[in-house]
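Residue numbers (the numbering used here): -3 to 284.
By construction, the Cβ of each residue, glycine as well, lies at the ideal position given by its N, Cα and C atoms.
None of these values were measured; they are calculated from a predicted model.
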Amino acid sequence: MENLAPWVAYLLTVLPGVVLIGIIVALLPRQAHGVRILMLVLGFIFVRDAMSPHGLWTFGMVGTSGTAGPSGTSSSADSFELPVLWLRFTDDPVALLVMTVASLALAAAIVFACRDLRWIVLWTGPRWWTSALVGLVGVVVIALPFLYLHGTLVEWFPILDGTPLARPLIPVEQRGGTVAAGLLVLLAVFALCGNLVEEVLFRGFLQAHLEDHLPGRSGRWRAALLSALIFAAGHLFLAYNLTGVGWPLLAFTLFEGLVCAVIAMRHGVLGATVAHGGAIFLLTSGLL
């Protein structure tokens, strides 16, 4: 029963907020699409950020002042030129499994709550497999800065050894530690399902809603930019209050949001989810 305690406490913590948001969404007029999406965004941020105090994920940073542990506390280890963000999920498989199921339920609830708008959402491109492949390209784009910052780019691409792209290796022990091999499959499934929720909400309904209200040829690009900016802004409390990581987390989420938003323009929620979930998996698995 001890393994059940963290996620049971988490679910009990978020339940009142989820019920409150659900009541508000249910009582809103059907035509109040913008307010409905806003409430769902606020509800998602609440549910996501509540993971931190319950130990379901941990942020840290390796930076110019040395090695930063969880919540950004620094030590006197070797300094590095740029701050490097790291992230780890809980290593409890039961908690990961429960959060995976909860993520799928939350994604379904968002689709149901915005069912009047689901027809304007681009769920996938003309061919689903093309969308998935483009999403994999997005994984590489998002992961490349971490390969460079971690100093592992040369390990993946030895031909770059001796070039300006080669950096001192940051040991995995200083950026969250290794992850058990037996946990990787479940971690990948959770990363995809958990980030499906964000992509359905931010790149699906929010971006589609913004496109519908932004005229002109630039409307789609403005909607993509706004969805990325709002996505990054949704991490402000997490970055500065819950973890103390600060601007590196905002920079990462803005970059990640921009990549996913551009992918979503032609390849829909599927492509954006593959890019987002795949990148988070690589970042949390210690494989980068």
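Cβ-Cβ distances below 7 angstroms link Val168 to Thr174, Gly282 in the same chain, with the five nearest sequence neighbours on each side left out; the list follows chain order.
Note that the region 190 to 210 does not touch the region 231 to 251; fewer than 3 beta-carbon pairs, one per stretch, sit closer than 8 angstroms.
At least 7 angstroms separates the beta-carbon of Met57 from that of Val193.
With 16 or more neighbouring CB atoms inside 10 Å of its own CB, Glu207 falls in the buried class. For Trp152, the enclosing alpha helix (DSSP H) covers residues 149 to 152.
Per DSSP, the unbroken alpha helix (DSSP H) holding Trp217 starts and ends at 215 to 229.
Straight across, the Cα-Cα distance linking Ile155 with Val43 is about 44 angstroms. In terms of CA proximity to Ala101, Phe40 leads the group Leu149, Phe40, Gly121. DSSP lists Arg84 as the beta-bridge partner residues of Thr54. Of the residues Leu23, Gly264, Gly30, Gly190, the one whose Cα lies closest to the Cα of Leu202 is Gly30.
The C-alpha of Phe227 lies about 7 angstroms from the C-alpha of Leu250. The DSSP-derived three-state label of Pro167 is coil. Each of Arg84, Val94, Thr280, His231 was checked against the Cα of Leu246, and the nearest Cα belongs to His231. Note on geometry: alpha-carbon atoms of Gly172 and Ser48 lie some 15 angstroms from one another. Residue environment analysis places Glu252 among the buried positions, since at least 16 neighbouring C-beta atoms fall within 10 angstroms of its C-beta.
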